[in-house]
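Presented below is the structure to which this report refers.
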Amino acid sequence: MAETARISVKDVCVGYGGKPVQSGIDLEIARGEIFAIVGDSGSGKSTLLKSMVGLLPPLKGSILFDGKPLEGEAEPGVEKGPPPFGILFQGGALWSSMTLLENILMPMEMHGHAEPAAREALARFKLALVGLAGHEERLPASLSGGMRKRAALARALALDPSVLFLDEPSAGLDPLSSRRLDELILTLRDGLGITVVMVTHELESLYAIADRMLFLDGEEHKPTALGPPAELAREADSGKVREFLSRRGLSDQPHASQTEASS
Ligand SMILES: Nc1ncnc2c1ncn2[C@@H]1O[C@H](COP(=O)(O)OP(=O)(O)OP(=O)(O)O)[C@@H](O)[C@H]1O
Ligand SMILES: [Mg+2]
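Residue 202 in numbering that gives the first Met the number 0 sits at position 203 of the sequence shown, and the numbers go up by one each step.
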């Protein structure tokens with residue numbers, strides 16, 4: 000990559016209490032890329048995400064943003080700004096006693112983001128961006144699952160991040176809401192140039208929006224594929240990865256069983 004990678008993960012091992020969950024993770028994510036992390040349940044996708052955002056220091060290796068470690072950003076005597084990313088945690092909930100607008104305003108107030116007088120207008124803009132204009136005063140409990148996810152995405156956008164980390168954003172959504180969320184993620188990338196790192200189980204999403212993906216193998220405890228999903232579906236060394244990526248092929252051929260039955 001000619002340009003400095005937005006995110007560099009160099010020979011990283013992640014895990015808890017000195018016990019590795021995944022090892023040998025080496026990758027670079029370009030500015031404006033939509034990068035997916037996929038793999039078996041329990042393989043360490045959320046763990047890797049936690050390490051990338053600095054909540055769980057890697058057991059080994061380094062994770063750099065624009066070539067610099069996160070903790071290296073602050074200079075002596077200069078107040079450290081908020082991290083350059085927004086996060087949507089797996090099962091991440093909104094603050095239930097606050098309206099949607101208050102949910103977006105809270106991180107802005109906590110981090111002293113933007114001029115106080117401009118905050119409300121900015122928060123309203125974030126909600127409009129995810130299609131929730133007119134719902135500012137509603138409480139999370141009164142929303143559909145898809146709306147709640149979009150509100151959580153608006154909150155992740157509160158501090159104008161240049162990188163978004165999303166852990167299974169479409170989990171639990173119906174296919175239509177899920178496609179809508181995919182389109183929204185594409186819009187954020189195309190319109191605002193945001194880099195997206197997304198954990199997903201959804202093949203539809205993967206093929207529709209991911210530029211590249213990393214497959215974490217839960218049995219081998221290391222990544223076994225890295226590349227564009229369509230390419231890996233054909234050419235991945237790992238049979239498990241090819242099989243994982245071809246599930247869509249099966250469900251997309253509704254006539255296969257009829258053909259078989261009639262032959
Ligand atoms: N806080 C923790 N302390 C110790 N071990 C943990 C902790 N969180 C997760 N683990 C373990 O680390 C491994 C990876 O978990 P992780 O949540 O990263 O998997 P995942 O790939 O995100 O799974 P899923 O697809 O179910 O979300 C699992 O064996 C899990 O039990
Ligand atoms: Mg997870």
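Glycine is no exception: its CB is placed at the ideal position from the N, C-alpha and C atoms. Everything numeric in this text was worked out from a predicted model, so none of it was measured.
Practice prompt. Taking the CB atoms as reference points, tell me whether Leu-104 and Lys-125 lie closer together than 7 Å.
Written response: In the sequence shown, counting from the first residue as 1, residue 104 sits at position 105. In the sequence shown, counting from the first residue as 1, residue 125 sits at position 126. It is not a contact, given that the beta carbons lie outside the stated cut-off.
Worksheet item: Do the CB positions of Ala-29 and Leu-205 come within less than 7 Å of each other?
Response: Locating residue 29 in the sequence shown gives position 30, counting from the first residue. Locating residue 205 in the sequence shown gives position 206, counting from the first residue. Cβ distance not < 7 Å, so Ala-29 and Leu-205 don't count as in contact.
Practice prompt. Taking Leu-54 as the reference, give the member of Ser-161, Phe-84, Asp-25, Asp-65 with the closest Cα.
Written response: Against the sequence shown, residue 54 aligns to sequence position 55. Out of Ser-161, Phe-84, Asp-25, Asp-65, Phe-84 has the C-alpha closest to the C-alpha of Leu-54.
Discussion item. Rounding to the nearest angstrom, what Cα-Cα distance links Glu-259 and Ala-235 in this structure?
Written reply: For the purposes of this step, residue 259 is taken as the residue at position 260 of the sequence shown. For the purposes of this step, residue 235 is taken as the residue at position 236 of the sequence shown. Its pLDDT being 35, under 50, Glu-259 is placed unreliably by the model, and nothing is read from it.
Practice prompt. Note down the Cα distance separating Thr-46 from Arg-118, rounded to an integer number of angstroms.
Written response: Along the sequence shown, read from residue 1 onward, the residue named residue 46 stands at position 47. Along the sequence shown, read from residue 1 onward, the residue named residue 118 stands at position 119. Looking at the two C-alpha atoms, the distance is approximately 33 Å.
Fill in: Beta-carbon spacing of Ser-7, Glu-32 below 7 Å
Counting from one through the sequence shown, the residue named residue 7 turns up at place 8. Counting from one through the sequence shown, the residue named residue 32 turns up at place 33. No.
Worksheet item: Just to check, is the beta-carbon of Gly-270 closer than 6 Å to a non-hydrogen atom of ligand 1?
Response: The shown model of the chain, from 0 to 262, leaves out residue 270, and the question about it has no answer.
Discussion item. When you measure from the CB of Thr-46 to every non-hydrogen atom of ligand 1, does any distance come out below 6 Å?
Written reply: Within the sequence shown, numbered from 1, the residue matching residue 46 stands at position 47. The answer is yes for Thr-46.
Worksheet item: Can you name, in chain order, every residue of its own chain whose Cβ lies under 6 Å from the Cβ of Leu-165, other than the five neighbours on each side?
Response: As a first step, residue 165 is located in the sequence shown; it is residue number 166 there, counting from the start. Result list for Leu-165: Leu-87, Met-197, in chain order.
Worksheet item: For the candidate residues Ser-50, Leu-63, Leu-58, Ala-92, whose alpha-carbon lies nearest to that of Gly-17?
Response: Position 18 of the sequence shown holds residue 17. Out of Ser-50, Leu-63, Leu-58, Ala-92, Leu-58 has the C-alpha closest to the C-alpha of Gly-17.
Discussion item. I'd like to confirm the pairing. Which residues does DSSP put opposite Ile-184 in its beta bridges?
Written reply: Taking the sequence shown and counting its residues from 1, one reaches residue 184 at position 185. Per DSSP, none; premise fails for Ile-184.
Worksheet item: In whole angstroms, what is the alpha-carbon distance linking Leu-121 and Leu-152?
Response: Against the sequence shown, residue 121 aligns to sequence position 122. Against the sequence shown, residue 152 aligns to sequence position 153. Using only the alpha carbons, I get a separation of about 14 Å.
Worksheet item: Going by DSSP, what residues sit across from Ala-35 in a beta bridge?
Response: Numbered from its first residue, the sequence shown carries residue 35 at position 36. Beta-bridge pairing links Ala-35 to Met-197, Met-212.
Discussion item. Looking at the strands, I want to know which residues DSSP matches up with Ala-224.
Written reply: The residue labelled residue 224 in the question sits at position 225 within the sequence shown. Its beta-bridge partners are Phe-214.
Practice prompt. Please report how far the alpha carbon of Ala-232 lies from the alpha carbon of Gly-144, in whole angstroms.
Written response: Translated into positions along the sequence shown, residue 232 becomes position 233. Translated into positions along the sequence shown, residue 144 becomes position 145. Taking the straight line from one Cα to the other gives about 31 Å.
Worksheet entry | Cut-off 8 Å between Cβ atoms - residues of its own chain near Gly-91, not counting five sequence neighbours on either side | One-based indexing of the sequence shown puts residue 91 at position 92. If we look at Gly-91 and ignore the five residues flanking it on each side, its Cβ neighbours are Ala-151, Asp-166.
Worksheet item: Who are the near neighbours of Ala-113 in its chain, counting only those whose CB is closer than 7 Å to its CB and skipping five residues on each side?
Response: Locating residue 113 in the sequence shown gives position 114, where the first residue counts as 1. Answer for Ala-113: Met-107, Leu-121, listed in chain order.
Fill in: Same chain, Cβ closer than 6 Å to Glu-201, five either side skipped, listed in chain order
Against the sequence shown, residue 201 aligns to sequence position 202. If we look at Glu-201 and ignore the five residues flanking it on each side, its Cβ neighbours are Ser-169.
Fill in: Cα-Cα separation, Asp-216 to Val-129
Residue numbering aside, residue 216 sits at position 217 when the sequence shown is read from its first letter. Residue numbering aside, residue 129 sits at position 130 when the sequence shown is read from its first letter. Whole-angstrom Cα-Cα distance: 33 Å.
Practice prompt. Find out if the Cβ-Cβ distance for the pair Asp-181, Ile-208 is shorter than 7 Å.
Written response: Position 182 of the sequence shown, counting from 1, holds the residue named residue 181. Position 209 of the sequence shown, counting from 1, holds the residue named residue 208. A contact, by the Cβ cut-off of 7 Å.
Discussion item. Given the structure, does Gln-21 come close to ligand 2, in the sense that its CB is under 6 Å from one of the ligand's heavy atoms?
Written reply: Mapped onto the sequence shown, residue 21 falls at position 22. Outside the cutoff, so no.
Worksheet item: Measuring CA to CA, which of Ala-4, Leu-100, Leu-225 is closest to Ala-138?
Response: Counting from one through the sequence shown, the residue named residue 138 turns up at place 139. In the sequence under discussion, the amino acid at residue 138 is Leu, which differs from the Ala named in the question. Closest by alpha carbon: Leu-100.
Worksheet item: Looking only at its own chain, which residues have a Cβ that is under 6 Å from the Cβ of Asn-102, when we skip the five neighbours before and after it?
Response: For this step, residue 102 is matched to residue 103 along the sequence shown. Around Asn-102: Leu-93, Trp-94, Arg-154.
Practice prompt. Note the first and the last residue of the continuous alpha helix (DSSP H) segment covering Ser-50.
Written response: If you number the sequence shown from 1, residue 50 lands on position 51. Unbroken alpha helix (DSSP H) run through Ser-50: 44-51.
Worksheet item: Taking buried to mean at least 16 other C-beta atoms within 10 Å of its own C-beta, is Leu-175 buried or exposed?
Response: The sequence position of residue 175 within the sequence shown is 176, counting from 1. Leu-175 comes out exposed.
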